[in-house]
Structure formats: C-alpha cells, structure tokens
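Engineer: I am attaching a structure below and will ask some questions about it afterwards.
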Amino acid sequence: MENIFHRVSIRKYEDRPVEKEKILQILKAGMQAPSACNQQPWEFYVVTDKEKIRELSGATPYSGCAAGAPVVIVPVYRKEGLVVQTMAQIDMSIAQENIWLETDALGLGGVWIGIAPMQDRMDAVHDMLNLPENVEVFSLFALGYPAEKREQQNRFDESRIHFVE
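Under the UniProt record's numbering, the sequence shown has 156 at position 156, and the numbering climbs by one with no breaks.
Shown next as structure tokens:
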C-alpha cells in the first residue's frame, strides 16, 4: 500500500540512465495486470533515444515534460486477435498503473501522459515510432530518477462512499 500513497507525477529527471534490469522489472509488473478474458493485449516500446524522446515530447500539449526523461515507455495494444477488443484500453490502464507503482517502488519517478482515446494523438505517436499497423498507441510513460520531490495529496473523501445495505 505504501506505493499507492506515495506515487506522484514526476516531470523532472536527473540526467542519468535507468538500468535495463529496472526497466524490465517495471514491464514485468505491467504484464502482471489482469485483463478481460486474460487477453493480455499489451506490447511495450522502450524509447531511450534522446532525439526520439524529444519528438515524442511534442505529441500532445501536455507531453513536453517527457523531453528530459531518460526513458519513455510507449504501451500499445493489439487491434487483432483479442477476445474482447472493446476492453483493451481498460486492460491497458490496469497495466499502466502497475507500471507506475513499480516505478515508484524502485525509487524512480514517472508521469503518465494520456494519448488514447484521442485518435489524432494515437496516430501521431504511431507514425513517430513507425509502429506496425496491427497496434494502437495507448499512452506515453516518461520515467527516470527524480530531480524533484513532491508530496502526494490526500484524495480520500468519505462523502463519495455510499453503502447499499
């Protein structure tokens, strides 16, 4: 539970590479997510090329913070062969949250940059990375060693809890 109450959006990173072992551990956590009918629609593109990261940082009005990240993970989902295609983005959200929590657990920081469901943004990132036609871009996840420290907000609001007894 500590990661749930510690995780914040980190948008500034040290100029320091992230170890491949940590990246693989983060993606292992993502792939451990449940999915509709166990369809596991995900694939992940790990971008460490600084020029490509700069290009990705222009994908949305909110992705500029990715420019300074040493790593950008681009989660994508398959468009074919899924049992419940309409659930793929929900499946991806669960995997993305696991990725974020494991990033925090490893002493790294990250920020989830929304791409889906805006088709123009999905297509732009797809083109930037020259991805296969059978996948759709879900998000960007910039990560690295934090160069900022932020406290998480307490978002608990008991008035939003309703018991039906």
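Beta carbons are placed, not taken as given, at the ideal position from N, Cα and C, and that holds for glycine. The structure displayed is predicted, hence computed values, not measured ones.
#1: Where are the alpha helix (DSSP H) runs, 4 residues long or more, that stay fully inside the stretch 26-68, in chain order?
#2: Less than 8 Å between the C-beta atoms of I94 and P34, yes or no?
#3: Going by the DSSP bridge assignment, what does L140 pair with across the sheet?
#4: With respect to the alpha helix (DSSP H) encompassing R121, which residues constitute its N-terminal and C-terminal limits?
#5: Any heavy atom of the ligand NAP closer than 7 Å to the CB of W100?
#6: Does the separation of the CB atoms of W42 and Y77 fall below 8 Å?
#7: According to DSSP, is R160 part of a helix, a strand, or is it coil?
#8: Under 8 Å, do F138 and P75 count as touching if we go by C-beta distance?
#9: Pick out whichever of P117, C65 and L108 has its Cα sitting closest to the Cα of T86.
#10: If you measure between the beta carbons of G109 and P146, is that distance less than 8 Å?
#11: Measuring straight from C-alpha to C-alpha, what distance separates Y45 and V164?
#12: Measure the C-alpha to C-alpha separation of E55 and E133 and round it to an integer number of angstroms.
Structural biologist: Result, derived from the coordinates:
#1: 50-56
#2: Here residue 94 refers to the residue found at position 94 when the sequence shown is read from its first residue. Here residue 34 refers to the residue found at position 34 when the sequence shown is read from its first residue. Cβ atoms of I94 and P34: closer than 8 Å.
#3: As a first step, residue 140 must be located in the sequence shown, where it is residue number 140. In the DSSP output, where bridge partners are listed per residue, L140 has I113.
#4: Here residue 121 refers to the residue found at position 121 of the sequence shown. It spans Q119 to L129 - the alpha helix (DSSP H) in which R121 sits, taken as one unbroken run.
#5: Here there are no bound small molecules, and the ligand NAP is not part of this structure.
#6: As a position in the sequence shown, residue 42 is number 42, starting the count at 1. As a position in the sequence shown, residue 77 is number 77, starting the count at 1. The answer is yes: Cβ separation under 8 Å.
#7: Counted from its first residue, the sequence shown places residue 160 at position 160. Helix, per DSSP.
#8: On the sequence shown, residue 138 is found 138 positions in, with the first residue counted as 1. On the sequence shown, residue 75 is found 75 positions in, with the first residue counted as 1. Yes.
#9: If you number the sequence shown from 1, residue 86 lands on position 86. Looking at the Cα atoms, P117 is the closest of the given residues.
#10: Translated into positions along the sequence shown, residue 109 becomes position 109. Translated into positions along the sequence shown, residue 146 becomes position 146. Yes, these two residues count as a Cβ contact at 8 Å.
#11: Here residue 45 refers to the residue found at position 45 of the sequence shown. Here residue 164 refers to the residue found at position 164 of the sequence shown. So the two alpha carbons sit approximately 43 Å from each other.
#12: As a working note, residue 55 is residue 55 in the sequence shown. As a working note, residue 133 is residue 133 in the sequence shown. Cα to Cα, E55 sits roughly 20 Å from E133.
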